[in-house]
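Scroll down for the structure; my scribbles are underneath it.
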Amino acid sequence: MKTAHQIAIDVQSGAGSAESELERTLGVIAARNEELNVFLHVDEDGARSAAASIDARVAKGENVGPLAGVPIAIKDNMCQRGIPTTCSSRILEGWRPPYSATVIDRLLAAGAVPVGKTNLDEFAMGSSTETSAFGATRNPLDPTRVPGGSSGGSAAAVAADMTSIAVGSDTGGSIRQPAALCGLVGMKPSYGLVSRYGLIAFASSLDQIGPFAKNVMDAAILLEAIAGHDPMDSTSLPEPPPSLVAHVNDGVAGKRIALVRELVDGADPDVVASVERAVEALKDAGATIVELSIPEFRLGLSAYYLIAPAEASSNLARYDGVRYGLRVDADDVAAMNEATRTAGFGAEVKRRIMLGTYALSAGYYDAYYGQALKVRTQMIEAFKRAYLDVDLLIGATTPSVAFEFGSKTSDPMAMYLSDVFTIPTNLAGDAAVSVPFGSGEADLPVGVQLLGPGRSEAQLFAAARVLEIAEGRS
Ligand code: GLN
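Residue 293 in this note's numbering sits at position 290 of the sequence shown, and the numbers go up by one each step.
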């Protein structure tokens with residue numbers, strides 16, 4: 004199918020139309036959504052009227068924007084005014100937000116056509132989309148396997164050619180990991196680059212919205228459209244959107260890139276082989292490669308599973324049966340709160356709330372949450388030291404290719420380990436991209452991860468583009 008870049012060119016020039024692109028998208032969704040369970044809600048009417056207005060504006064000679072007429076899938080943890088927004092949780096069933104996330108407004112301003120809300124792990128807690136209260140999403144490349152998570156629906160929408168691009172959120176790996184498992188480009192931007200206003204909070208110090216696409220150029224166009232300061236998010240960087248598209252073909256000549264031992268140790272041999280081939284490709288393109296060990300990376304998972312649940316336990320306190328979605332009536336308010344939360348949250352969300360509440364409780368705070376914050380500071384320092392010597396880091400995105408349904412659901416630790424290579428970036432607030440490179444078991448795609456300091460998105464896309472070219476993708 005066409006890239007987002009091509010769709011926008013065709014719509015703007017009159018060679019194509021937003022309405023015909025949307026009908027194509029709706030046709031694929033109608034044909035495949037039942038099997039794959041990608042979209043929880045398709046906003047046919049809203050998308051049709053957005054597409055019609057874009058075509059009308061083009062007809063009047065207006066420049067509609069860099070995503071003119073491009074259908075896009077939205078992870079269902081981003082608010083869109085009047086559209087059901089569930090976070091894949093029973094507790095939000097039936098809730099329609101009275102406002103839109105800044106990202107939605109920016110997409111509309113760039114000419115994109117949001118077509119609907121995609122499935123995710125409940126409240127974005129998971130790595131396989133299996134914790135969704137509305138059923139798992141299937142990987143379009145192999146429907147017996149997971150698409151990854153938590154943004155599994157957004158990744159599957161693009162992998163199934165329903166849309167050319169999608170937005171997801173990444174707290175510990177939830178864009179990069181499903182991108183890797185579905186053969187896509189996925190980026191976690193620097194913390195603060197994309198507004199979180201209207202993103203339903205999981206762990207506020209880690210959450211970031213970012214792009215999914217089939218290629219680097221589309222991911223760069225999308226990120227450029229949604230990035231930039233937003234006064235509605237106090238953690239938003241006080242800067243205009245970075246220039247990304249203009250630098251996609253900058254290459255890596257003269258760059259120093261470190262292969263990090265801790266970002267391949269424990270990965271399947273076919274995954275390691277892809278990373279090694281990627282290193283050779285970067286060398287061939289003029290980069291200098293060094294090898295590095297960053298032992299702090301081994302502490303990332305432990306720190307993350309204290310910090311993220313601690314923040315989640317606080318953020319999710321607002322679902323009390325009074326303000327949003329589900330209410331289970333009982334004799335008094337406390338009993339109603341308890342009954343609502345008992346019925347509304349799934350097992351993984353309850354596990355996180357308990358972990359987080361424990362980590363923050365009097366007597367344990369210093370030993371758990373406090374320690375985790377110290378580890379986080381060490382992680383930030385370790386990244387800083389590495390970037391004194393090199394421009395970027397490279398490793399695997401995930402330890403394995405897409406795994407089978409149910410293979411990790413009975414063992415939370417096995418599931419958490421899916422994110423062992425992605426979590427350090429979130430703790431540091433830096434940027435990282437996953438780009439498909441080579442294949443592994445059952446001919447499924449492998450994701451190679453490139454990591455950079457805060458605001459290195461342009462360099463990361465340029466390096467990812469080098470790998471794309473080396474793989475013969477245009
Ligand atoms: N899999 C990780 C978790 O369950 C990361 C999720 C995410 O990035 N939203 O917390």
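Idealized CB from N, CA, C, for every residue including glycine. Here the structure is a predicted model, which means the values were calculated and not measured.
Rounded C-beta distance between residue i and residue j? I'm assuming under 8 Å.
{"i": "A228", "j": "P415", "result": "36 Å between Cβ atoms; not a contact."}
{"i": "G349", "j": "A315", "result": "Their Cβ separation, rounded to whole angstroms, is 13 Å, which puts G349 and A315 out of contact at 8 Å."}
{"i": "S442", "j": "G450", "result": "That pair is no contact at about 11 Å."}
{"i": "L262", "j": "E294", "result": "5 Å"}
{"i": "I397", "j": "V278", "result": "7 Å"}
{"i": "A139", "j": "F408", "result": "6 Å"}
{"i": "V469", "j": "G254", "result": "6 Å"}
{"i": "L123", "j": "K78", "result": "6 Å"}
{"i": "I260", "j": "I292", "result": "6 Å"}
{"i": "G156", "j": "T132", "result": "7 Å"}
Can you tell me whether DSSP reads residue i as helix, strand or coil?
{"i": "H232", "result": "coil"}
{"i": "I224", "result": "helix"}
{"i": "S172", "result": "strand"}
{"i": "D392", "result": "helix"}
{"i": "N218", "result": "coil"}
{"i": "R344", "result": "helix"}
{"i": "T6", "result": "coil"}
{"i": "A162", "result": "helix"}
{"i": "M128", "result": "coil"}
{"i": "S52", "result": "helix"}
{"i": "V404", "result": "coil"}
{"i": "S437", "result": "strand"}
{"i": "P415", "result": "helix"}
{"i": "T291", "result": "strand"}
{"i": "I75", "result": "strand"}
{"i": "T121", "result": "strand"}
{"i": "K286", "result": "helix"}
{"i": "R148", "result": "strand"}
{"i": "V31", "result": "helix"}
{"i": "V106", "result": "helix"}
What is the rounded straight-line gap between the Cα of residue i and the Cα of residue j?
{"i": "K120", "j": "D108", "result": "15 Å"}
{"i": "E283", "j": "S459", "result": "22 Å"}
{"i": "L376", "j": "A62", "result": "55 Å"}
{"i": "F126", "j": "V352", "result": "7 Å"}
{"i": "G186", "j": "G373", "result": "38 Å"}
{"i": "D394", "j": "A385", "result": "14 Å"}
{"i": "P143", "j": "L447", "result": "11 Å"}
{"i": "V219", "j": "I472", "result": "10 Å"}
{"i": "C82", "j": "E299", "result": "36 Å"}
{"i": "I310", "j": "N80", "result": "20 Å"}
{"i": "D145", "j": "N40", "result": "14 Å"}
{"i": "P439", "j": "A399", "result": "10 Å"}
{"i": "S92", "j": "R321", "result": "14 Å"}
{"i": "G49", "j": "G85", "result": "10 Å"}
{"i": "I212", "j": "S154", "result": "10 Å"}
{"i": "G269", "j": "D173", "result": "22 Å"}
{"i": "A113", "j": "P150", "result": "28 Å"}
{"i": "Y200", "j": "T89", "result": "16 Å"}
{"i": "T147", "j": "D392", "result": "43 Å"}
{"i": "P485", "j": "T401", "result": "No information on residue 485 is available, as it lies outside the stretch 4 to 477 that the chain covers here."}
Residues in the same chain with beta-carbon distance under 6 Å from residue i, minus the five sequence neighbours each way, listed in chain order, please.
{"i": "P456", "result": "Y390, D433"}
{"i": "P244", "result": "E227, A230, G231"}
{"i": "V73", "result": "A7, I10, A11, A115"}
{"i": "V378", "result": "L302, A306"}
{"i": "D418", "result": "The question names Asp, but residue 418 is Met in the sequence shown. Cβ neighbours of M418 beyond the five flanking positions: S130, K411."}
{"i": "R264", "result": "S296"}
{"i": "Y290", "result": "A quick correction: the sequence has Ala, not Tyr, at residue 290. So the list reads V255, K258, I260, once near-sequence residues are dropped."}
Where does residue i land, buried or exposed, given buried means 16+ other C-beta within 10 angstroms?
{"i": "Y367", "result": "exposed"}
{"i": "M165", "result": "buried"}
{"i": "S296", "result": "exposed"}
{"i": "E65", "result": "exposed"}
{"i": "A564", "result": "The question about residue 564 has no answer, for the chain in this structure spans 4 to 477."}
{"i": "K286", "result": "exposed"}
{"i": "A337", "result": "exposed"}
{"i": "N252", "result": "exposed"}
{"i": "A204", "result": "buried"}
{"i": "M357", "result": "exposed"}
{"i": "S20", "result": "buried"}
{"i": "K258", "result": "buried"}
{"i": "E24", "result": "buried"}
Excluding five sequence neighbours on each side, which residues of the same chain lie with their C-beta closer than 7 Å to the C-beta of residue i?
{"i": "I32", "result": "F42, V45, M165"}
{"i": "E22", "result": "A54, A55, D58"}
{"i": "G324", "result": "R330, V331, M339, N340, T343"}
{"i": "S239", "result": "G195, S198, H232, D233"}
{"i": "S135", "result": "S91, N122, L123, D124, E125"}
May I ask you to check if the CB of residue i is nearer than 7 Å to at least one heavy atom of ligand 3?
{"i": "T140", "result": "Among the ligands present in this structure, namely ligand 1, ligand 3 is not found."}
If I measure Cβ to Cβ from residue i and keep anything under 8 Å in the same chain, skipping five residues before and after, which residues do I get?
{"i": "V161", "result": "A76, S167, I168, A169, C185, L187, F215, A216, K217"}
{"i": "A435", "result": "R179, M190, K191, T425, T428, Q452, L453, L454, G455, L463"}
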